[in-house]
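Here the structure comes first, spelled out in structure tokens, and everything after it is commentary.
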Amino acid sequence: MIDSNPLKTSPKDFFLHLLSIIALYTSATAFLVLIFQYVNIWFPDVLEGGGYYARFANYGPIRWSLATLLVFFPIYLFVGRFLNKNYESNPAKRNLRIRKWLLYFTLFAAALIIIGDLVVLINNFLEGGLTIRFILKVLAVFFVAGSVFYYYFSDLKKHGTE
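Sequential numbering from 1 applies to the sequence shown in full-length UniProt numbering.
Here you go:
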């Protein structure tokens, strides 16, 4: 079988693409943890009780998610910018196998998360468990996964990679 892509993936390309995707996944997760904890603070669960620990239990995850975002999101932006400059100077690099695999895996994961989010929403609706707190969390997951899906899907469509 003849390889239709003569450009081979270098270790540099492999690790830059892997770093970009890991930074994206980590940033998205940290952002969701941050949103979930603020929803927990602004809309407390009345069944949890109002003890000292219950009031301040959300601040630890907020600190961790902020620290994670402050480290990983700039890495994602920097590596993404660096990769885009590489694509401008060498458009064939858009067709690297590692890039295609990671982008299609990301689209697949985002689609599964959106589908799972909708299943959870419908299940809670049928159980009668729709609260503002729950709806805000579902919307946050839908927004983050939908944004990731849209960004990478439109990138693949725009540049015509198969």
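Even glycine gets a Cβ: it sits at the ideal position worked out from N, Cα and C.
Under the DSSP assignment, VAL141 falls in the alpha helix (DSSP H) whose first and last residues are 132 to 159. With contacts defined by Cβ atoms closer than 9 Å, LEU126 and VAL138 do not form a contacting pair. Between the alpha carbons of ARG97 and PRO74 lies a distance of about 25 Å. For ASP13, the enclosing alpha helix (DSSP H) begins and ends at 11 to 42. By the Cβ neighbour-count rule, ASN90 is exposed, with fewer than 16 other Cβ atoms within 10 Å of its own.
Burial is judged here by how many other beta carbons sit within 10 angstroms of a residue's own beta carbon; ASP117 has at least 16 and is buried. In this structure, the beta-carbon distance from PHE82 to LEU16 falls below 9 Å.
Collapsing the DSSP output to three states places ALA57 in coil. VAL46 sits exposed, since fewer than 16 C-beta atoms from the chains shown fall within 10 Å of its C-beta. Within the same chain, and ignoring the five residues on either side of ILE113 in sequence, the residues whose Cβ sits closer than 6 Å to its Cβ are ALA145. The beta carbon of ALA140 is closer than 8 Å to those of LEU32, ILE35, PHE36 and VAL39 in its chain, skipping five residues each way along the sequence. In the structure shown, LYS100 adopts helical secondary structure according to DSSP, grouped into three states.
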